[in-house]
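Data block below; observations after.
2 protein chains.
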Amino acid sequence: MADVERYVTGERERYLEELQEFLRIPSISALPEHRPDVDRAAQWVAEALRRAGVPRVEVFPLEGGKGHPVVYGEWTADPAKPTYLIYGHYDVQPVDPVELWTSPPFEPQEREGRLYARGATDDKGCLFEAIKGVEALGRLRGAPPVNVTFLVEGEEEIGSPNLAAFMREHQDLLRCDLALSADGEMLSPDQGCLTIASRGLAACQIDVYGANRDLHSGSFGGAVANPLHALAQIVAGLHTPDGKVAVPGFYEAVRPLSPEERRDLASTPFDEKAWLAAIGVAEPFGEPGYSTLERLGARPTLEINGMWGGFQGEGTKTVLPAEAHTKITCRLVPDQDPDRILDQVEAHVRAQRVPGVRVEVRRFAGSARPYAMPVDHPALAAAARVLERLYGKPAPTARMGGTVPVAEFFRSILGTWFLYYSFGDPDTRVHAPDEFIRIDSIPRAVKGYYLLLEALAGSAGAR
Amino acid sequence: MADVERYVTGERERYLEELQEFLRIPSISALPEHRPDVDRAAQWVAEALRRAGVPRVEVFPLEGGKGHPVVYGEWTADPAKPTYLIYGHYDVQPVDPVELWTSPPFEPQEREGRLYARGATDDKGCLFEAIKGVEALGRLRGAPPVNVTFLVEGEEEIGSPNLAAFMREHQDLLRCDLALSADGEMLSPDQGCLTIASRGLAACQIDVYGANRDLHSGSFGGAVANPLHALAQIVAGLHTPDGKVAVPGFYEAVRPLSPEERRDLASTPFDEKAWLAAIGVAEPFGEPGYSTLERLGARPTLEINGMWGGFQGEGTKTVLPAEAHTKITCRLVPDQDPDRILDQVEAHVRAQRVPGVRVEVRRFAGSARPYAMPVDHPALAAAARVLERLYGKPAPTARMGGTVPVAEFFRSILGTWFLYYSFGDPDTRVHAPDEFIRIDSIPRAVKGYYLLLEALAGSAGAR
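And the structure:
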């Protein structure tokens, strides 16, 4: 412990310089004009892995070169020992609105102990910390105490469209005892947490069609169905007034929270008042009988993301519109299945039989299954001990409201669990202007990987 | 009768030439760049009235010259006789999409017995017929058999914003026994009708506000209220599922239809199947217990004209929007009051108390009171007789679904009734590309005014 502490403190300046080099590459995966930059970032990661001592490093083109490459690294210290895979990504979000950045997003700038740049936390910074953790093990011990592999993708910010196929094709390379995610966040800058679950996703659109053209509301209003009335009725029917999803069967596959899980979530530090104040909302609202943290992490939702039809300009237009639309996403929890949920939503919509209009339900790609780790997984206990040492406070479990499709890829394709073990601070403006990373948090996170891999070597492993 | 028939037939070519001159003036009141054209059209009307023999003609600037002028004409044949005021307008709708016109909208073209141009029917053609009817009375009888005044405005297509003020200011000039509207339509090219009512209008917008910004549906969904859910609930609550307006008190002031009025409406020729087929709708839908014609003309409505919030693009965006909006117009029938109706809508919306959001109701200007004439008004009987003579078929009564604010201005400001007596054919594409008038219908309509004013002179008048 004294060794690694002294070591990472001594490397601080080098870490900062290397990370800045990584952050200067504008690897925006969503924008075709940045393709050479995305490629450059992949090469940078490969080089960083080699520098860290990883003996086998390969860059795999995806989709015949049309996708952004996967960087694979493998350090087999002893074939008899367990293997831990570290997942991360080197691509970043676009920078718009660029005028809201205090300094240019790809010219990292240090201000008051923070380094500002796009990707500083998500995910270049967090990935960098994981690589440096493995590097530290090599420098201080000659090799990691377990086998380590890396899977670093360049398409996370565009929904990882080719990753599942890559994982299916390269199961031999990726086989591991546990995957560690270097993408994610801790509870606060002062406290770690163990994210044990992320929600799944199912998306669709409801289209309601009436007449063959927009009608004059004076000449037709009151005598033919209005698609906007029909849509409002359909949408209102998706929830009970008190906030439960009203789709029959929606909750049937939901694994109920055990009293222990509820106690656990209740003990997570969470300032609900501050959380509401930050978004300007007076009171929470959701499924009756559950706390806000339960509603966010452990219960499924059905949210309307958009709704539109007819006139949206200033003042009045007396139109009876020909069509009306709404977009829906459901966040799912174990053991809900996205296809089954969309079947149920569609059946419920059709059952409403609103007269005089035609109703269509379209499903969107991008479904993801929910993910949750068993709370008694030994790696969780090991990680909890490391986090408590690092932060000086116990690390509660947490459940992510959002969706990380890759978590479930590991489960379903490789049969392995996926441990969120990433040191992003939750206030670092990821995906937004002025993204940053706290410079002092970097050596701590490097130590975090060092200590966890050590601890996992000491435990029975995770088989 | 023989005289006037021979006369109007003989004038056919002159009518056509003069009307084409009128139609060549692009008097689009909505477009500021056409202001000189609108002025020119006002002068054209003034000149046409003088040519028709009207002794006093004046052009009144509106709103200190910022509005489009009113053309006033007065032919006092005998102060002891009743006075009939003819209302019409010389401004026209814009021509977009101009590429859909077969010939340029302000270069009138004759094709297959029709004259194509913007305003050919609405309202230059119909106004022209009224002026020519009075002209014919002068030419054949020296003077009209009653006193006739003209009120011709240039702002009808922009909602007559200054007309009520003008009417209040000039009550002395406008005092009359009955107003005749040269703006409106008949049942079909082959059959006249007596439009005895038009609906009123009340308009508002509902705005629903949640968080202070759009939220991530994964990080917040299910735990704070979604303005789109709240709006759907509010909008769905405005009607019962079977199509009645659910706002308490909404129907309380509605004058019930008498059995005679219902019989009357039921006898109006109306091909519901063809009407539905034209708009591509399979079945009618509306307030239970009423026919389509009753729903359109004699019952009030509440229609959603627009609704929007959140993401409207392609695919999925996992947003929980900060706000949601909807626009509403109600069509009103006697004796509903627009302000009272908006009070009731607002009270009903507020009574729903959807949790977690802030709801605002904004009222729009442009309210109009409903209008209906007593069915036993003697002028209706006189007009019915003239129309039966002209078309060779009885003229049923009809109720307009739309709103003509000026109808109620005459009632409330001048205390006079407003008789829809305009010869527009309902299929002439008013407000749309390729507007036209049937050339043969012009002499018939001129004769229509001639005969009605003669008939009204013979009756006891309409005091």
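Going line by line, the protein sequences match chains V and H.
The first sequence: position 244 = 244 (the numbering used here), numbered continuously.
So the number in the numbering used here is just where the residue sits in the second sequence, counting from 1, plus 463.
In this text, a Cβ means the ideal position worked out from N, Cα and C, and glycines have one as well.
Assign residue i to buried or exposed, taking buried as 16 or more other Cβ atoms, counted over all protein chains shown, within 10 Å of its Cβ.
{"i": "A923 (chain H)", "result": "With a pLDDT of only 46 at A923 (chain H), under 50, the local geometry of the prediction cannot be trusted, and no value is derived from it."}
{"i": "P495 (chain H)", "result": "exposed"}
{"i": "T779 (chain H)", "result": "buried"}
{"i": "E598 (chain H)", "result": "buried"}
{"i": "E17 (chain V)", "result": "exposed"}
{"i": "H431 (chain V)", "result": "exposed"}
{"i": "N675 (chain H)", "result": "exposed"}
{"i": "V561 (chain H)", "result": "exposed"}
{"i": "S258 (chain V)", "result": "exposed"}
{"i": "G855 (chain H)", "result": "exposed"}
{"i": "E283 (chain V)", "result": "exposed"}
{"i": "P405 (chain V)", "result": "buried"}
{"i": "G951 (chain H)", "result": "Residue 951 (chain H) lies beyond the residue range present for chain H, which begins at 464 and ends at 926; the question has no answer from this structure."}
Report all residues from its chain with a CB closer than 7 angstroms to the CB of residue i; omit the five preceding and five following residues, and keep chain order.
{"i": "A842 (chain H)", "result": "L641, L882, L919 and A925"}
{"i": "C667 (chain H)", "result": "I791, L805, V808, V824, R825, R826 and F827"}
{"i": "A384 (chain V)", "result": "L194 and A395"}
{"i": "G293 (chain V)", "result": "Note that residue 293 (chain V) is Leu in the sequence shown here, rather than Gly. Around L293 (chain V): L265, T268 and F270."}
{"i": "L691 (chain H)", "result": "G772, G773, P784 and A787"}
{"i": "P355 (chain V)", "result": "A225"}
{"i": "R168 (chain V)", "result": "I413"}
{"i": "A46 (chain V)", "result": "V57, V59 and V71"}
{"i": "I594 (chain H)", "result": "A511, L512 and A515"}
Between which residues of its own chain and residue i is the CB-CB distance below 6 angstroms, once the five residues before and five after are set aside?
{"i": "T860 (chain H)", "result": "L657, I659 and D727"}
{"i": "R475 (chain H)", "result": "P906"}
{"i": "G210 (chain V)", "result": "A225, P227, A322 and V357"}
{"i": "K81 (chain V)", "result": "V146 and N147"}
{"i": "E272 (chain V)", "result": "T292"}
{"i": "G432 (chain H)", "result": "Outside the shown range of chain H, which is 464 to 926, sits residue 432 (chain H), and nothing can be said about it."}
{"i": "G424 (chain V)", "result": "T121, C126 and E185"}
{"i": "T565 (chain H)", "result": "D897"}
{"i": "T240 (chain V)", "result": "A246"}
Can you round the beta-carbon distance between residue i and residue j to whole angstroms, since I take them to be within the 8 angstroms contact cut?
{"i": "A699 (chain H)", "j": "A246 (chain V)", "result": "Rounded, the Cβ-Cβ distance is 12 angstroms, inconsistent with contact."}
{"i": "V125 (chain V)", "j": "V92 (chain V)", "result": "In the sequence under discussion, the amino acid at residue 125 (chain V) is Gly, which differs from the Val named in the question. The Cβ separation is near 11 angstroms, so there is no contact."}
{"i": "L915 (chain H)", "j": "A870 (chain H)", "result": "Actually they are not in contact, since the Cβ atoms of L915 (chain H) and A870 (chain H) sit about 18 angstroms apart, beyond 8 angstroms."}
{"i": "L201 (chain V)", "j": "A368 (chain V)", "result": "4 angstroms"}
{"i": "Y913 (chain H)", "j": "G596 (chain H)", "result": "5 angstroms"}
{"i": "L548 (chain H)", "j": "T612 (chain H)", "result": "5 angstroms"}
{"i": "T879 (chain H)", "j": "F872 (chain H)", "result": "Contact doesn't hold; Cβ gap of about 10 angstroms is too wide."}
{"i": "V208 (chain V)", "j": "V359 (chain V)", "result": "5 angstroms"}
Mind checking whether residue i and residue j have CB atoms under 8 angstroms apart?
{"i": "R114 (chain V)", "j": "I437 (chain V)", "result": "yes"}
{"i": "G773 (chain H)", "j": "P784 (chain H)", "result": "yes"}
{"i": "R662 (chain H)", "j": "M836 (chain H)", "result": "no"}
{"i": "P744 (chain H)", "j": "V349 (chain V)", "result": "First, the residue type needs correcting, since residue 744 (chain H) is Val and not Pro in the sequence shown. Their beta carbons are not under 8 angstroms apart, which means V744 (chain H) does not touch V349 (chain V) by this criterion."}
{"i": "G684 (chain H)", "j": "E107 (chain V)", "result": "no"}
{"i": "N768 (chain H)", "j": "S217 (chain V)", "result": "yes"}
{"i": "A580 (chain H)", "j": "E898 (chain H)", "result": "yes"}
{"i": "V909 (chain H)", "j": "E592 (chain H)", "result": "yes"}
{"i": "S644 (chain H)", "j": "Y550 (chain H)", "result": "yes"}
{"i": "L853 (chain H)", "j": "G921 (chain H)", "result": "no"}
{"i": "G622 (chain H)", "j": "G865 (chain H)", "result": "no"}
{"i": "N162 (chain V)", "j": "G67 (chain V)", "result": "yes"}
{"i": "I488 (chain H)", "j": "R498 (chain H)", "result": "no"}
{"i": "I742 (chain H)", "j": "L215 (chain V)", "result": "yes"}
{"i": "I669 (chain H)", "j": "T781 (chain H)", "result": "no"}
Less than 8 angstroms between C-beta atoms, sequence neighbours within five positions excluded: which residues of the same chain meet that for residue i?
{"i": "E454 (chain V)", "result": "L137 and P145"}
{"i": "H552 (chain H)", "result": "D586, L590, V615, E616, G617, E618, E619, E620 and D646"}
{"i": "D335 (chain V)", "result": "A253, V254, R255 and P370"}
{"i": "V4 (chain V)", "result": "A136, L140, K447, Y450 and L451"}
{"i": "D500 (chain H)", "result": "I488, P489, S490 and I491"}
### Three CB pairs or more closer than 8 angstroms across the stretch 531-545 of chain H and the stretch 607-625 of chain H
In short, these stretches touch, since the Cβ pair count reaches three.
### Query
Counting pairs of beta carbons, one from the stretch 592-608 of chain H and one from the stretch 535-551 of chain H, are three or more of them closer than 8 angstroms?
With a cut-off of 8 angstroms, the stretch 535-551 of chain H and the stretch 592-608 of chain H count as touching, because enough Cβ pairs lie within range.
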